[in-house]
Every structure is written in C-alpha cells, then in structure tokens.
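In this note's numbering, the protein residues as written are 1 to 280.
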C-alpha cells in the first residue's frame with residue numbers, strides 16, 4: 001500500500017485533453033498522488049476552469065491552451081515543459097473528439113480530416129515532440145487514450161472507430177519499438193465513462209444533450225484505474241467492466257460473446273441516432 005501511495009510522488013506528467021473528462025480525472029488523481037502536472041486543452045475557458053478546480057494543489061499544476069493539431073505549437077510546448085521540468089516521466093496523449101455517425105451520413109472528406117487530425121495526428125504530434133526528450137532521459141512512459149472502439153467495431157460510429165483503431169495499433173507497435181530504450185507504452189481503452197465526447201465535435205455544434213449511460217464510470221474512478229494499470233505494468237488498460245470483458249473475450253477468441261456485445265451496441269446506437277434525427 002505504501003509503495004502504491006508513493007509511486008507517482010515527485011513525478012512529472014504531461015496530459016493533453018485535460019480540461020474535462022478522463023483527462024481531468026487523471027490530472028486530479030496524479031496530483032493527489034504527489035505528481036506535478038502539465039495539463040492542456042484546446043479551449044481556453046475549459047482549461048481555465050479546470051485549473052481553478054485544481055487550485056488547492058498550488059504550483060504543482062500548470063495549465064496551458066494547446067491545440068494538438070498544431071504541430072509547431074505542440075513541439076514548442078513539449079520543449080518548454082522538458083526544459084522547465086528537466087525530467088518528464090509521463091506523457092498522456094488524451095486529447096480526442098467523438099463523432100457518432102454511421103458511414104452513410106458522412107458526406108464530406110472534411111469530417112474524416114477533423115476527427116483524424118485530433119485523434120490520430122494529434123497523438124503522433126505529441127509523441128514525436130516528446131520522444132527525443134524521453135530518449136535523452138533514457139526512461140519514461142507514454143500513455144495513449146484509444147477506446148473500446150479501438151478493439152472492437154462499434155456500429156454507427158465509423159469515423160471515430162477508425163481513428164481509435166489507428167491509435168490502438170500505433171501504441172502497441174510503439175511499445176515493442178521503444179522497449180529496448182527503457183520507454184514504456186500503454187494504451188487506455190475506455191468503455192462508458194461519464195464524459196461528453198460523443199455529444200460534441202470540435203465546434204460544439206450539437207444543440208442537445210444525450211444522457212450519460214447509467215453504467216458509466218466516473219472520471220475520478222477512471223483516473224485511479226489508469227494509475228493502477230500503470231503501476232501494474234499493463235500494456236492495455238480497459239476501463240469499466242464491459243470494456244474488460246470485451247477485451248478478455250477478444251483475446252480468448254470468444255466470438256459469441258463479442259457478437260452479443262456488438263448487437264447490444266448496435267441497438268443502442270441506432271436508438272441514439274433516431275433521437276438525434278428527431279431532436280435535430
């Protein structure tokens with residue numbers, strides 16, 4: 001228990017997409033465990049609100065506006081953090097956006113670019129910018145947020161699923177490539193977590209709220225489970241019971257269980273899109 005309490009003591013963590021949801025829960029749990037946190041978000045008012053909520057942690061919190069799509073801004077920011085703290089221990093690539101639409105509704109290439117620029121190339125930008133500093137330090141841990149949608153097809157979320165499959169594969173390959181460099185890589189695969197990722201896109205264009213699933217995990221619990229996964233050296237960190245069961249069934253080749261899960265998701269998502277069409 002004592003080792004668990006002190007595992008992150010004095011460590012330095014960089015978190016993108018940290019103003020709400022999993023990123024904010026993760027920041028809070030890292031701070032509770034004695035880490036110093038550099039947190040960023042694309043939206044100024046959101047990152048400012050998050051910083052205020054974490055004010056009790058004093059100078060251990062550093063908040064910054066950052067759009068992970070901007071390669072130069074990301075590079076400048078990672079260089080700044082590395083020069084200021086000298087030793088970065090954790091890079092959490094968490095920034096992401098949702099897009100809950102079936103493929104037939106996607107009529108513009110711009111929609112693909114919007115999601116992939118954040119969910120895929122935003123991750124690549126962050127890893128590319130921080131990796132030289134981790135290699136120089138000869139240690140570190142990169143943690144990439146994918147999704148349960150990165151390990152199993154979720155009907156009616158085609159673009160989002162494609163982007164999360166991409167970063168899941170990227171993270172798992174990177175783990176093998178960096179292992180000899182003493183740099184660890186983990187990938188988070190959340191199931192239902194109490195965030196608003198599917199209820200908005202980059203422009204916050206949806207004008208109604210969808211209910212958070214009743215079994216959704218709270219963001220602080222998600223943050224704690226991520227830290228437990230890191231302590232335990234997990235390569236893949238599924239969040240919530242559904243995600244863990246799905247990952248286990250996929251690994252064990254339990255096709256019937258996976259198919260049953262997909263049918264449930266298909267029905268839920270179809271119901272959601274009917275609601276969107278009515279309310280829209």
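All residues carry an ideal CB built from backbone N, CA and C; glycine is no exception.
Cut-off 6 angstroms between Cβ atoms - residues of its own chain near residue i, not counting five sequence neighbours on either side
i, result
"residue 198", "At residue 198, the pLDDT of 46 sits below 50, so the modelled position is not reliable; the number obtained from the coordinates is stated separately. Cβ within range, chain order: 98, 100."
"residue 229", "237"
"residue 63", "39, 47, 51"
"residue 13", "30, 35, 37, 90"
"residue 19", "41, 46, 47, 50"
"residue 224", "29"
"residue 222", "22, 25, 193, 239"
"residue 243", "148, 189, 191"
Simplified DSSP assignment, three categories, for residue i
i, result
"residue 91", "strand"
"residue 53", "helix"
"residue 188", "strand"
"residue 283", "The requested residue 283 is not part of the displayed model; the chain covers only 1 to 280."
"residue 159", "helix"
"residue 98", "coil"
"residue 10", "coil"
"residue 153", "coil"
"residue 19", "coil"
"residue 37", "strand"
"residue 276", "Its pLDDT being 47, under 50, residue 276 is placed unreliably in this model, and the value from its coordinates should be taken loosely. Residue 276 falls in the helix class under three-state DSSP."
"residue 118", "helix"
"residue 148", "helix"
"residue 68", "coil"
"residue 106", "coil"
"residue 198", "With a pLDDT of 46 at residue 198, under the threshold of 50, the predicted position of this residue should be treated as unreliable, though the coordinate-derived value follows. Helix, per DSSP."
Cβ-based burial, residue i [other Cβ within 10 Å; buried from 16]
i, result
"residue 208", "Here the model assigns residue 208 a pLDDT of 40, short of 50, so the residue's position is not dependable and the matter cannot be decided."
"residue 36", "buried"
"residue 87", "exposed"
"residue 132", "exposed"
"residue 50", "buried"
"residue 251", "exposed"
"residue 190", "buried"
"residue 6", "exposed"
"residue 10", "exposed"
"residue 113", "exposed"
"residue 94", "buried"
"residue 162", "buried"
"residue 218", "exposed"
"residue 182", "exposed"
"residue 77", "buried"
"residue 233", "exposed"
"residue 255", "exposed"
"residue 169", "exposed"
"residue 253", "exposed"
Start and end residues, beta strand (DSSP E) containing residue i
i, result
"residue 229", "Looking at the DSSP string, residue 229 is not in any beta strand (DSSP E); the run it does join, the alpha helix (DSSP H), is 219-231."
"residue 140", "140-145"
"residue 63", "61-65"
Nonlocal neighbours in the same chain, by C-beta distance under 7 angstroms from residue i, ignoring five residues either side
i, result
"residue 220", "25, 28, 29"
"residue 57", "31"
"residue 178", "185"
"residue 147", "164, 189, 190"
"residue 167", "119, 120, 123, 144, 146, 150"
"residue 73", "66, 67"
Residues of its chain near residue i, where Cβ-Cβ distance is below 8 angstroms and the 5 sequence neighbours each way are ignored
i, result
"residue 235", "172, 175, 185, 186, 187"
"residue 117", "69"
Span of the alpha helix (DSSP H) around residue i
i, result
"residue 249", "241-251"
### Message
Quick test of the definition: if touching needs 3 or more C-beta pairs under 8 angstroms, does the stretch 116-125 touch the stretch 45-52?
### Response
no
### Query
Three or more C-beta pairs closer than 8 angstroms, one from the stretch 141-158 and one from the stretch 102-113: is that the case here?
yes
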